[in-house]
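To convert, note that position 214 of the sequence shown is 248 in my numbering; the numbers rise steadily by one, no gaps.
Scroll down for the structure; my scribbles are underneath it.
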Amino acid sequence: MKYDVIIIGSGPAGLTAAMYTSRAELKTLILAGATPGGQLMITSDVENYPGFPEGVQGPELMDKMIKQGTKFGSEMKIETVKSVDFASKPFLVATDKGTYEGKSVIIASGADARWLGLESEQALRGKGVSACATCDGFFFKGKEIVVVGGGDGAMEEALFLTKFASKVTIAHRSDTFKASKIMLKRAKDHQKIEMLKNTSVVEVLGKDKVEGVKFKNTQTGEERDFKTQGVFVAIGHKPNTEIYKGQLEINKLGYVEVKNHTITSVEGIFTAGDVNDSRYRQAVTAAGMGCMAAIDSERWLTKQE
Ligand code: NDP
């Protein structure tokens, strides 16, 4: 089956793109992956998506986006893309169930936060464990927080969290920091921030909510419990770009390289959302980029006729 647009991904970027392409009467296929909805499916309260003054649960917001994204005729398949061929015309996108042809493709396959990989960390996600200060910082007013990581991401998260938290402790596993000098200085100079080097988190403590962490000194091996009400893991993000390697330009951080907002190195292939954005990473920015990619793809398709 040949489509005008194949959209890879079903988070805010992909679904917004689908809403626009299908309303423009382009035959659209959304390849949603195993769990439609993306990262917001594992988020609880979302208070910063416009139009929801009372806030909205992540899964409820995505349910609405799926309805709106498919309302105008887009087809959605719960299939995971395994490979792409962007050298062929039309483009070929293969999933675990079949191969689809698209005159254009919008890559909106997102990124995943890197996690420590602890069972207790996963059990307490959304109950005090988070990987997004902009999303969840507000819920930690007056509380004590641990930020894990030693890069610019961790410094930025820690500095942002000082707006809400009474104290922020940065726990970094190494002796030296990856963070830039300026970010490191800002964090070090902040009166609410304490820095712990050579310290890794080996367990998050608490049953229904975070009550503390177990620290391990990475040089001596000594362990100790530390009271905290929140844990922000800031050890980097991993864009889902493995399948595109060799097919289009990927930058050194692993994100899809863009020339002009949504335009990739291959004509007819567009991109939107966290898969090309290491800077903003918000549902609302991803949705905005989805709209831009849809408009760019529509204009490009019109030019080809
Ligand atoms: P980085 O890769 O720069 O840093 C990751 C940090 O997490 C490192 O300190 C690393 O420790 C630590 N880490 C990695 N894995 C683990 C683990 N399993 N357990 C414990 N710690 C771990 O990622 P960032 O997200 O910080 O930054 C990504 C890029 O984005 C960078 O280029 C950064 O400069 C940029 N950025 C810029 C900002 C700004 O300028 N305002 C803000 C945010 C990001 P170790 O050092 O021991 O390997």
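We treat Cβ as the ideally placed atom computed from N, Cα and C, and that holds for glycine.
Since the model is a prediction, treat every value here as computed from it, not as a measurement.
Determine the closest residue to residue i out of the options, with distance taken between C-alpha atoms.
i, options, result
"G19", "E339, D330, V318 and L335", "No answer is possible for residue 19: it lies beyond the span of the chain, which begins at 35 and ends at 339."
"S143", "K261, E191 and V290", "V290"
"N294", "H206, F211, E332 and M326", "M326"
"P93", "K105, P87, Q102 and V80", "V80"
"S214", "K201, K226 and E190", "E190"
"H206", "M217, K131 and L230", "L230"
"R271", "G280, R313, T254 and E257", "The question names Arg, but residue 271 is His in the sequence shown. H271 has its Cα closest to that of R313, out of G280, R313, T254 and E257."
"G264", "R333, F198, G72 and S56", "F198"
Within this structure, are the beta carbons of residue i and residue j separated by less than 8 Å?
i, j, result
"I141", "I303", "yes"
"S8", "L335", "Nothing can be reported for residue 8, as the shown portion of the chain is limited to 35 through 339."
"M96", "M75", "yes"
"A145", "V267", "no"
"I269", "V182", "yes"
"P273", "D308", "yes"
"G324", "A157", "no"
Return the Cβ separation of residue i and residue j in integer angstroms, given the expectation that the two are a contact with Cβ distance under 8 Å.
i, j, result
"V235", "L150", "6 Å"
"T233", "F211", "About 12 Å separates the two Cβ atoms, so there is no contact after all."
"A68", "A320", "In fact, because the Cβ distance is near 19 Å, the residues do not count as touching under 8 Å."
Is the closest heavy atom of the ligand NDP to the C-beta of residue i under 7 Å?
i, result
"D311", "no"
"K212", "yes"
"V318", "no"
"L152", "no"
"A165", "no"
"G183", "yes"
"R315", "no"
"L287", "yes"
"A199", "no"
"S208", "yes"
"M110", "no"
Whole beta strand (DSSP E) runs in the segment 153–236 with 3 or more residues, listed along the chain? 178–182, 201–205 and 227–230
In chain order, which beta strand (DSSP E) runs of at least 3 residues are fully inside the segment 292–331? Fully enclosed beta strand (DSSP E) runs of 3 or longer: 303–305.
Quick check on the DSSP output: what are the complete alpha helix (DSSP H) runs of length 4 or more inside the segment 98–129, in order along the chain? Runs of the alpha helix (DSSP H) inside the segment 98–129: none found.
Taking only runs of the alpha helix (DSSP H) that begin and end inside the segment 237–282, which ones reach a length of at least 4 residues, in chain order? none
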